[in-house]
Amino acid sequence: MPTADCNYGLGRLLACGVLLLGTLFTATTAASAQAWVPPARVGAVNFIFQNVDHTGHLLDDGSLLPGYESVSRGLLVEVDYAVTNRFSITAGVPYIGSKYIGPEPSFFGLPIDDCNCWNTGFQDLSLTGRYNIFNGSFALTPSISYGYPTHDYPFFGEAVLGRNLNELRLVLDAGYRLDAISPKLSIAGRYSYAFVEEVLDIPNNRSNAAVGLGYLFTRRFVASLDFYWQRSHGGLTSTEFETDEQWVQFDRLLKDNSFHIGGTVSYSFRRLDVFGSYTEFVSGTDTHVGRAVTVGISTPFQF
């Protein structure tokens, strides 16, 4: 029976159990796990579009505050290139559009929110370096990533591009093809710890984890079931903001914890890989409730 070909391309990487994080670009730049890596001098240009519907807010006790809705859309352009068989680099930047659409006046009382206007612009540039340790049936790849704002954009309100903060992320990707069960089955996981620029001397670092179970229906078509967690290390709950200075830094300081579940499908053509995913909020505290739809294409190259 055929096994997954982990040579190159987003679709082929998905066939090996890659996880696409369905998190909004404005919270965490969308990234795919890179446990399996391409060979030297092979790369890909990826175009990823994501639509996120925020249907409400969860408070620090987990209760739902409905009616404060917003929508965000983003296009991520990303280039990935394998310098050697083990070392590869990735650079990407998203263009974001956000709009408040809730029936109630926004929490923040800003004109751009209350007029239900789109706020658009580039968000944060991300640079990543990965070094593969194992690349067989079991794959293990640590990486380091740095994200910084492309410009000094506003971060207060609902219709914002992001948090306008520098981040240094340490990431570990792992994957395993479950040949003992089925050569078409694989599992992949990712853990990321983000050192986030402090605001008002209040730390708010973040852990993100993802696990996905992938099934290779054919050599070209793969689907996966994915689970995503986020835990904030520091920050303030929504009931702990005490000063106007802290309130202006609301999204930057909020202790946002969440759990999401989703599914991804991918199909590899001869010179083009396409994929789509759907992610749904399950539980959390001090976070947005909602769903995300992501679609993308990947064009491989070699030189």
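Residues in the sequence shown are numbered consecutively from 0, following numbering that gives the first Met the number 0. We put the CB at the ideal spot given by N, CA and C, even for glycine.
> Any idea which residues DSSP pairs Val210 with across the strands?
Replying inline: Within the sequence shown, residue 210 is the residue found at index 211, counting from 1. Per the DSSP secondary-structure output, Val210 pairs in a beta bridge with Gly188 and Phe226.
>> Bridge partners for Thr298 per DSSP, in chain order?
In response: As a position in the sequence shown, residue 298 is number 299, starting the count at 1. Thr298 pairs with Val44.
> Hey, how far is the Cα of Val288 from the Cα of Gly261?
Replying inline: The sequence position of residue 288 within the sequence shown is 289, counting from 1. The sequence position of residue 261 within the sequence shown is 262, counting from 1. Near 14 Å, if we compare the C-alpha coordinates of Gly261 and Val288.
>> For Ala291 and Leu58, I'd like the C-alpha separation in whole angstroms.
In response: The residue labelled residue 291 in the question sits at position 292 within the sequence shown. The residue labelled residue 58 in the question sits at position 59 within the sequence shown. Between the C-alpha atoms of Ala291 and Leu58 there is a straight-line separation of about 20 Å.
>> Quick check on this structure: which residue in Arg85, Leu171, Ile296 and Phe220 has the alpha carbon closest to the alpha carbon of Ile143?
In response: For the purposes of this step, residue 143 is taken as residue 144 along the sequence shown, with counting starting at 1. Nearest option by C-alpha distance: Leu171.
>> DSSP has Phe201 in a bridge; who is on the other side?
In response: For this step, residue 201 is matched to residue 202 along the sequence shown. Per the sequence shown, the amino acid found at residue 201 is Ile instead of Phe. Under DSSP, Ile201 forms a beta bridge with Val198.
>> Rounding to the nearest angstrom, what Cα-Cα distance links Ser330 and Ile111 in this structure?
In response: Lying before the first or after the last residue shown, residue 330 is absent from the chain, which here runs from 0 to 302.
> Trp35 to Ala208, Cα distance in whole Å?
Replying inline: The residue labelled residue 35 in the question sits at position 36 within the sequence shown. The residue labelled residue 208 in the question sits at position 209 within the sequence shown. Distance between the alpha carbons of Trp35 and Ala208: 17 Å.
>> Using a Cβ-Cβ cutoff of less than 8 Å, which residues in the same chain neighbour Ser70 once the five nearest sequence positions on both sides are dropped?
In response: In the sequence shown, residue 70 corresponds to position 71, counting from 1. The amino acid occupying residue 70 in the given sequence is Val; Ser does not appear at that position. Cβ neighbours of Val70 beyond the five flanking positions: Asn50, Val51, Asp52, His53, Ser97, Lys98 and Ile100.
> Can you tell me the Cα-Cα spacing of Asn131 and Thr89, whole angstroms?
Replying inline: As a first step, residue 131 must be located in the sequence shown, where it is residue number 132. As a first step, residue 89 must be located in the sequence shown, where it is residue number 90. Pairing Asn131 with Thr89, the inter-Cα distance amounts to about 14 Å.
> Under a Cβ-count criterion, where at least 16 other Cβ atoms within 10 Å of its own Cβ denotes burial, should His259 be classed as buried or exposed?
Replying inline: The residue labelled residue 259 in the question sits at position 260 within the sequence shown. By the neighbour-count criterion, in which 16 or more other beta carbons inside 10 Å mark a residue as buried, His259 falls on the buried side.
> How about Leu167 and Asn118: do their beta carbons lie closer than 8 Å?
Replying inline: Counted from its first residue, the sequence shown places residue 167 at position 168. Counted from its first residue, the sequence shown places residue 118 at position 119. Taking a C-beta distance under 8 Å as the contact criterion, Leu167 and Asn118 do not qualify as a contact pair.
> Are the beta-carbon atoms belonging to Asp178 and Pro148 less than 8 Å from one another?
Replying inline: Residue 178 sits at position 179 when you count from the first residue of the sequence shown. Residue 148 sits at position 149 when you count from the first residue of the sequence shown. Asp178 is not a Cβ neighbour of Pro148, given a cutoff of 8 Å.
>> Within the continuous beta strand (DSSP E) that includes Phe86, where are the two ends?
In response: Residue mapping note: residue 86 aligns to position 87 of the sequence shown, counting from 1. In this chain, the beta strand (DSSP E) harbouring Phe86 covers Phe86 to Tyr99.
> Just how far apart, CA to CA, sit Tyr175 and Leu215?
Replying inline: Your numbering for residue 175 matches position 176 in the sequence shown. Your numbering for residue 215 matches position 216 in the sequence shown. In a straight line, the C-alpha of Tyr175 is about 13 Å away from that of Leu215.
> Short check: CB of Gly42 to CB of Tyr80, under 8 Å?
Replying inline: Position 43 of the sequence shown holds residue 42. Position 81 of the sequence shown holds residue 80. Yes, they are a contact pair.
> Who are the near neighbours of Asn115 in its chain, counting only those whose CB is closer than 8 Å to its CB and skipping five residues on each side?
Replying inline: On the sequence shown, position 116 is the one that residue 115 refers to. These residues qualify, in order along the chain: Lys98, Tyr99 and Ile100.
> Among all the DSSP beta bridges, which residues are the ones paired with Thr119?
Replying inline: Here residue 119 corresponds to residue number 120 of the sequence shown, with the count starting at 1. In the DSSP assignment, the residues bridged to Thr119 are Gly96.
> With respect to 7 Å, is the separation between the Cβ of Trp117 and the closest non-hydrogen atom of the ligand MG below this value?
Replying inline: The model on display carries no ligand, and the ligand MG is accordingly not part of it.
>> Please report the distance separating the alpha-carbon of Val82 from that of Pro37.
In response: The count along the sequence shown starts at 1 and reaches residue 82 at position 83. The count along the sequence shown starts at 1 and reaches residue 37 at position 38. The straight-line gap from Cα to Cα measures roughly 10 Å.
> With respect to the alpha helix (DSSP H) encompassing Leu252, which residues constitute its N-terminal and C-terminal limits?
Replying inline: Counting from 1 along the sequence shown, the entry for residue 252 is found at position 253. Note, Leu252: alpha helix (DSSP H), Phe249 to Leu252.
> Got a sec, what are the start and stop residues for the beta strand (DSSP E) Ile143 sits in?
Replying inline: In the sequence shown, residue 143 corresponds to position 144, counting from 1. Per DSSP, the unbroken beta strand (DSSP E) holding Ile143 starts and ends at Phe137 to Pro148.
> What are the boundary residues of the alpha helix (DSSP H) that Asp112 is part of?
Replying inline: On the sequence shown, residue 112 is found 113 positions in, with the first residue counted as 1. It spans Pro110 to Asp113 - the alpha helix (DSSP H) in which Asp112 sits, taken as one unbroken run.
> Run through DSSP, which three-state label would Asp172 get?
Replying inline: By 1-based counting over the sequence shown, the position of residue 172 is 173. Residue state, collapsed to three classes: strand.
>> Here's the rule: buried if 16 or more other CB atoms are within 10 angstroms of the residue's CB, otherwise exposed. What is Gly233?
In response: Residue mapping note: residue 233 aligns to position 234 of the sequence shown, counting from 1. Classification for Gly233: exposed.
> Which residue or residues does DSSP assign as beta-bridge partners of Phe258?
Replying inline: Walking along the sequence shown from the start, residue 258 turns up at place 259. Partner(s): Trp228 and Ser282.
> Would the beta-carbon of Gly213 fall within 8 Å of that of Ala187?
Replying inline: Within the sequence shown, numbered from 1, the residue matching residue 213 stands at position 214. Within the sequence shown, numbered from 1, the residue matching residue 187 stands at position 188. If you check the CB distance, Gly213 and Ala187 come in under 8 Å.
> Helix, strand or coil for Glu157 per DSSP?
Replying inline: Working through the sequence shown from its first residue, we reach residue 157 at position 158. In this structure, DSSP gives Glu157 a state outside helix and strand, which the three-state scheme calls coil.
> Which value, in whole angstroms, describes the spacing of the CA atoms of Phe194 and Tyr152?
Replying inline: By one-based count along the sequence shown, residue 194 stands at place 195. By one-based count along the sequence shown, residue 152 stands at place 153. The alpha-carbon atoms of Phe194 and Tyr152 are separated by roughly 20 Å.
>> Between which two residues does the beta strand (DSSP E) holding Ala81 run?
In response: Here residue 81 corresponds to residue number 82 of the sequence shown, with the count starting at 1. Run containing Ala81: Leu63 to Ala81, per the beta strand (DSSP E) assignment.
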